[in-house]
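Heads up, the sequence shown is in numbering that gives the first Met the number 0, so the first residue is 0 and it goes up one at a time.
Glycine residues also receive a C-beta, built at the ideal position from the N, C-alpha and C atoms.
The structure appears right after this line, and notes come after that.
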Amino acid sequence: MHLAQSNILIADDHRMFNDAIAGLLRPLAKAVWQAFEGGALLHAVQQYSPNLLLLDINMPGINGIEAARIVRQHSPDLKILLITMYNHTHFVKEAESLQLNGYLLKDSPSEVLFEGIDAALAGRSFFDPKLQKSALTEQDAFTKGFSLTRREKEVIQGLVAGQSAEQIAAHLCISYETVKSHRKNIYLKLGINTIVDLMHLSRQQGWGE
0 MHLAQSNILI ADDHRMFNDA IAGLLRPLAK AVWQAFEGGA LLHAVQQYSP NLLLLDINMP
60 GINGIEAARI VRQHSPDLKI LLITMYNHTH FVKEAESLQL NGYLLKDSPS EVLFEGIDAA
120 LAGRSFFDPK LQKSALTEQD AFTKGFSLTR REKEVIQGLV AGQSAEQIAA HLCISYETVK
180 SHRKNIYLKL GINTIVDLMH LSRQQGWGE
């Protein structure tokens, strides 16, 4: 399928970015729709049946990873490209495990966006070339520096992605109370008190870039 024949849904809560991508694609695609949070995204997929979904990871309501998982169950033929600021191995592996069509970084040029779209519409996968330059290993500096356990790191990844404690518990197959315990230990080890502190520290350590 060519871009001119495609119906595209853009899901991103940053309205200026969402509008910019929509403005870029609208003259070239058959139709372009926009959603700004997870619930609206799921409704729009059902209402419009797009061919391609451009999906941010960090959104209010239902985050992009969970939304992609739900969409994949009900619309298996929909092409999905993640477009995010998170250059992190964990999220790339999530995209691969869900058999998404690609993973693009927001600071890449528009040529990369079009290359990813062309690949997805042709049924191929495309991962941003920048991912190869800064992929993190499982034992990264963040984990070593704060003596975090593997499970604590997984909880942090969920929190940074915008997941609730309930969503993290379901994803990791552990109890809600266990997640709360891990979160308490994480805050204690990192010397922080709020999720805002965690987001700030994770970006400093390279999790949000």
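Fully enclosed alpha helix (DSSP H) runs of no fewer than 4 residues occupy 88 to 96, 109 to 120 of the region 73 to 120, in order along the chain.
Excluding its 5 nearest sequence neighbours in each direction, N192 has C-beta neighbours in its own chain below 8 Å: Y186, listed in chain order. One alpha carbon belongs to S163, the other to R68, and they sit about 16 Å apart.
In the structure shown, N192 falls within a coil segment according to DSSP collapsed to helix, strand and coil. In this structure G22 is exposed. Its beta-carbon is surrounded by fewer than 16 other beta-carbon atoms within 10 angstroms. Considering only R14, N6, A28, I56, the residue with the shortest C-alpha distance to V44 is N6. Within the same chain, and ignoring the five residues on either side of L24 in sequence, the residues whose Cβ sits closer than 7 Å to its Cβ are I7, V31.
In the DSSP annotation of this structure, A28 is not part of any alpha helix (DSSP H), being labelled neither H nor E. With a threshold of 16 other beta carbon atoms within 10 Å, Q156 meets it and is buried. For A160, there is no enclosing beta strand (DSSP E), since its DSSP letter is neither H nor E. Rounded to whole angstroms, the gap between the alpha carbons of L200 and H13 is 22 Å.
The alpha-carbon separation between E110 and Y102 amounts to approximately 14 Å. DSSP places N6 in the strand class (E or B) of the three-state scheme.
In the structure shown, L147 falls within a coil segment according to DSSP collapsed to helix, strand and coil.
Residue state for F126 is assigned as strand, using DSSP reduced to three classes. In the DSSP annotation of this structure, the continuous segment of the alpha helix (DSSP H) that includes G38 starts and ends at 37 to 47. Residue nearest to N57 within the set K183, N184, V159 is V159 (criterion: CA-CA distance). Counting C-beta pairs with one atom in each stretch, the region 103 to 122 and the region 77 to 92 have three or more that are closer than 8 Å, which means they touch.
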